[in-house]
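Written below as structure tokens is the structure these notes are about.
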Amino acid sequence: MHGLKQLVYDNQPFFSLNQTGKTNRELYILWKQNKRDDIFLLLYTQLWMALEEVYMENVIDYYKKDCYEKKLFFELVEYQKRFFKKNIKIQLLTGYFYATTEYLFF
-4 MHGLKQLVYD NQPFFSLNQT GKTNRELYIL WKQNKRDDIF LLLYTQLWMA
46 LEEVYMENVI DYYKKDCYEK KLFFELVEYQ KRFFKKNIKI QLLTGYFYAT
96 TEYLFF
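Each residue of the sequence shown is one higher than the last, beginning at -4 in my numbering.
And the structure:
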């Protein structure tokens, strides 16, 4: 998995919640309760990375499988679309996702 602990923005850890050890389901429940940006950012990134690993292992399975992570990620993408311009960290993560996808697949 990628090194989430290394990411820093404005001299602050990009993912302060990364130290809690909560599962994606637990983070999702927390996020649904209060829509905190720090929870969203961590969950959005962890789900992206999990789906990226599934895709890299077996592309056909990625499209055939209907997994919890994929449904949740697409829900987060809808949230991201609404708040993209209001949050620089969401913009940075989305840019990273697009750049990684373009580099790996095109």
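Glycine included, every Cβ here is placed at the ideal spot set by N, Cα and C.
Residue ranges of uninterrupted alpha helix (DSSP H) with 4 or more members, entirely inside the segment 14 to 69 and ordered along the chain, are 19 to 29, 32 to 52, 54 to 59. Counting the other Cβ atoms within 10 Å of the Cβ of Thr40 gives 16 or more, which makes it buried. The segment 29 to 38 and the segment 47 to 63 do not touch, with fewer than three beta-carbon pairs separated by less than 8 Å.
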